[in-house]
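Read the structure below first, then the notes.
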Amino acid sequence: MSYEKAVEIAINKLEWQMLMHYRVGYNDEDIHNYARQVYMLQNTFDGGVCSG
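Numbering (the working numbering), first residue to last: 2 to 53.
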């Protein structure tokens, strides 16, 4: 998975959390943190290489 796709997934998750009233907003740091988690988990469990 590319990092760009991970960012897209992270934004979708944050938007969903706002829609469900779990959070009132998000910023670039929130996007980066979630995208990094998604990217590393996906590439680790798919046998890809994570450079961290």
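We treat Cβ as the ideally placed atom computed from N, Cα and C, and that holds for glycine.
When we look at the beta-carbon of residue 23 and count the other beta-carbons within 10 Å, is it buried (16 or more) or exposed? Position 22 of the sequence shown, counted from the start, is the residue given in the question as residue 23. Exposed, since its Cβ has fewer than 16 Cβ neighbours within 10 Å.
How many Å lie between residue 44 and residue 4 at the Cα? Counting from 1 along the sequence shown, the entry for residue 44 is found at position 43. Counting from 1 along the sequence shown, the entry for residue 4 is found at position 3. If you take the alpha carbons of residue 44 and residue 4, they lie about 10 Å apart.
With DSSP run on the structure shown, which of helix, strand or coil describes residue 33? Position 32 of the sequence shown, counting from 1, holds the residue named residue 33. In the structure shown, residue 33 sits in a helix (DSSP, three-state: H, G or I).
Determine the direct distance from the alpha carbon of residue 36 to that of residue 9, and round the result to whole angstroms. Taking the sequence shown and counting its residues from 1, the one referred to as residue 9 is at position 8. Taking the sequence shown and counting its residues from 1, the one referred to as residue 36 is at position 35. Answer to the nearest angstrom: the Cα atoms are 8 Å apart.
Which class does residue 40 belong to by DSSP, given the choice of helix, strand or coil? Here the question's residue 40 lines up with position 39 in the sequence shown. Three-state result, residue 40: helix.
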